[in-house]
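What follows is a short report on a single structure.
Structure (structure tokens):
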């Protein structure tokens, strides 16, 4: 089975196109094997691209699986990689098109390559603030600056969904101990019935944020597209930043625009690293 290894700001994926070959019969099981960095290819996730549902306006359908085998609703870095793959591998002859996801059809625009990187802009649509839809049991629409008891301390969080659930924590510094202790504890906190992604955000200025992300089902990653969007929106809601911000993550920089207070636009790189053939069982 042919695959392509790709990344967006170091958030890396195994991409499998199902246009001319059969994909894995059990995607979750295959994701656990293939994403293993010691016994598999190694990645933060598995992306499957298949022919679109004729009832939609999309050019293809994207599914994404975490290394623990769970299926994610959406992935900002992943869809940028998917968009580049679809254009570069001939599945579409346009730079602007729609991709079907679990959240609906998402619009993307792929720019021409510059300095070895392709920039992709994604219309992430409007963030979700309704607590039941995020989902979280915390109060508020959205739950902004709410106190949560975790690891023997009270932590103030802001929660929303940008295609999947996010819990944003504003901090004065991005130290390792805080991320590694509070990240997994908040991910599995009882306030989040489907678990949650966790962003630790340091506001550097009105136009720049530094962010570290603990991803649901993955652990800490070098970057997270939906997490960048969640951090940006939460910063606006708590009056820490403006509607257009640079997001500095460990793997690189993303740009988020929430100027119209409706749709969130995410722009960042998508890079193809190598192609290969999986010879093991599926």
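In the numbering used here, the protein residues as written are 2 to 283. Here a beta-carbon is modelled for each residue, glycine too, at the ideal position from N, C-alpha and C. Remember, predicted model here, so these are calculated numbers, not experimental data.
(1) Which word fits residue 284, buried or exposed, when buried means at least 16 other C-beta atoms lie within 10 angstroms of its C-beta?
(2) Just to confirm the assignment, what range does the alpha helix (DSSP H) spanning residue 81 have?
(3) Among 249, 227 and 277, which one has its Cα closest to the Cα of residue 267?
(4) On the DSSP letters alone, give me the boundaries of the alpha helix (DSSP H) that residue 105 sits inside.
(5) Ordered along the chain, which non-local residues of its own chain (more than five positions away) have a Cβ less than 7 Å from that of residue 5?
(6) Bridge partners for residue 250 per DSSP, in chain order?
(7) How is residue 23 classed by DSSP in three states: helix, strand or coil?
(8) Who are the near neighbours of residue 196 in its chain, counting only those whose CB is closer than 7 Å to its CB and skipping five residues on each side?
(9) Quick check on the DSSP output: what are the complete alpha helix (DSSP H) runs of length 4 or more inside the segment 185-252, in order along the chain?
(10) Which first and last residues belong to the beta strand (DSSP E) in which residue 269 is found?
(11) Which residues does DSSP list as the beta-bridge partners of residue 12?
(12) Can you grab the Cα-Cα spacing for the pair residue 262 / residue 103, in whole Å?
(13) Out of 165, 122, 69 and 153, which has the shortest C-alpha to C-alpha gap to residue 132?
(14) Tell me the DSSP secondary structure of residue 33 in three-state form.
(15) Based on the DSSP secondary-structure assignment, which residues constitute the bridge partners of residue 3?
Taking the structure as given:
(1) Summary: the structure shown does not reach residue 284, with the chain confined to residues 2 through 283, and so no result is reported for it.
(2) 77-89
(3) 227
(4) No alpha helix (DSSP H) holds residue 105; the beta strand (DSSP E) holding it covers 105-111.
(5) 16, 86, 273 and 276
(6) 253
(7) coil
(8) 188, 189 and 217
(9) 226-238
(10) 266-278
(11) 9
(12) 23 Å
(13) 165
(14) helix
(15) 278
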